[in-house]
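Undergrad: Numbering (the UniProt record's numbering), first residue to last: 1 to 173.
Structural data, given as C-alpha cells:
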C-alpha cells in the first residue's frame, strides 16, 4: 500500500476497499475476542466483565474502585458488586491504600492469577508466532493503530454512557 503514489488512478477506490476490509476484520476480531473471553470466564465461573476487570488489575496493578469505574464505565454500585463477587470467588482482595487511609485498593490475588494463566497459554503461543511474521517497524505501526482505535472506542463508550469523554477525571474514592 505504501509504494503506490497518491495520484495513481483508482487509488481512492482501493483505499475505500481496504478500509472496508479493515473494518470487517476489526468487527470479526472484536466478536471473536468477546467469545474467547466469555469461554475463559465460563471455565472459571466468572462473567466477561469480571475477567476484564481482572485483566486491568493484572496489567496495571492494584486499582481503586473509582479507577475501575473510570475504566469500565460501570456505575459505582456496579463496581462495588463486581469487586464483592471477585473477592468471594478468591480472585481479588481489598487492601489499604498506601498514602490515603480513607481509600482502599483492589488487587489481584496471586492465586487468582495462577488460576487464569493456563487458559491463555495456547492463545499466547499463537500470538507470539504471529508476531514473528512482522518486522519491528510493522509491529510499531500496528501498535500505533490499535492504540488509537482503542482510545477512540473508549471515547465512544464514554459518550454512550452519557459522560463527556474529554472531562478530566476528578474526585476521590
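Ideal Cβ placement from N, Cα and C applies to all residues, glycine included.
1. I think residue 92 touches residue 57, with their Cβ atoms under 8 Å apart; what is that distance to the nearest whole Å?
2. With a threshold of 7 Å between beta carbons, is residue 44 in contact with chain D?
3. Taking the alpha-carbon of residue 51 as reference, which of 39, 124 and 152 has the nearest alpha-carbon?
4. Checking 7 Å against the spacing of the C-beta atoms, do residue 130 and residue 64 come in under that value?
5. Please report how far the alpha carbon of residue 135 lies from the alpha carbon of residue 76, in whole angstroms.
6. Span of the alpha helix (DSSP H) holding residue 54?
7. What did DSSP end up calling residue 88 once you bin it into helix, strand or coil?
8. If you scan the UniProt domain "HTH marR-type" (15-151) from start to end, which runs of the beta strand (DSSP E) of 3 or more residues do you find wholly inside it?
9. Nearest CA to the CA of residue 119: which residue from 28, 42 and 20?
10. Please check the pair residue 115 and residue 44, which I expect to be a contact at CB under 8 Å, by giving their CB distance rounded to whole angstroms.
11. Just to confirm my understanding: we take residue 71, look at its own chain, exclude 5 residues before and 5 after, and list those with CB closer than 7 Å. What are they?
12. Using the Cα positions of residue 94 and residue 103, report the straight-line distance between them to the nearest angstrom.
13. Pop quiz: residue 69 and residue 79 are said to be a contact at Cβ under 8 Å. What is the actual Cβ separation, rounded to whole angstroms?
14. Roughly how far, in whole angstroms, is the beta-carbon of residue 248 from the beta-carbon of residue 54, given that I think they are within contact range, below 8 Å?
15. Is it buried or exposed for residue 108, if we count other Cβ within 10 angstroms and need 16 for buried?
TA: Reading off the structure:
1. Locating residue 92 in the chain shown gives position 92, where the first residue counts as 1. Locating residue 57 in the chain shown gives position 57, where the first residue counts as 1. By a beta-carbon distance limit of 8 Å, residue 92 contacts residue 57. Their separation comes to about 7 Å.
2. Structure shown: chain D not included; a single protein chain is present.
3. Counted from its first residue, the chain shown places residue 51 at position 51. Closest option to residue 51, Cα to Cα, is 39.
4. Working through the chain shown from its first residue, we reach residue 130 at position 130. Working through the chain shown from its first residue, we reach residue 64 at position 64. No, they are not a contact pair.
5. On the chain shown, position 135 is the one that residue 135 refers to. On the chain shown, position 76 is the one that residue 76 refers to. Those two C-alpha atoms are separated by around 43 Å.
6. Locating residue 54 in the chain shown gives position 54, where the first residue counts as 1. 48-60 is the span of the alpha helix (DSSP H), which, as asked, contains residue 54.
7. By 1-based counting over the chain shown, the position of residue 88 is 88. Here residue 88 sits in helix by DSSP.
8. 92-96 and 104-108
9. Counting from 1 along the chain shown, the entry for residue 119 is found at position 119. Nearest C-alpha to residue 119: 42.
10. In the chain shown, residue 115 corresponds to position 115, counting from 1. In the chain shown, residue 44 corresponds to position 44, counting from 1. Correct: roughly 6 Å between the Cβ atoms.
11. Stepping through the chain shown from its first residue, residue 71 is reached at position 71. Here the set comprises 56.
12. Translated into positions along the chain shown, residue 94 becomes position 94. Translated into positions along the chain shown, residue 103 becomes position 103. About 10 Å.
13. Start at 1 with the first residue of the chain shown, and residue 69 comes out as number 69. Start at 1 with the first residue of the chain shown, and residue 79 comes out as number 79. Contact holds; Cβ gap of about 5 Å.
14. This structure cannot speak to residue 248, because the chain is shown only from 1 to 173.
15. Locating residue 108 in the chain shown gives position 108, counting from the first residue. Classification for residue 108: buried.
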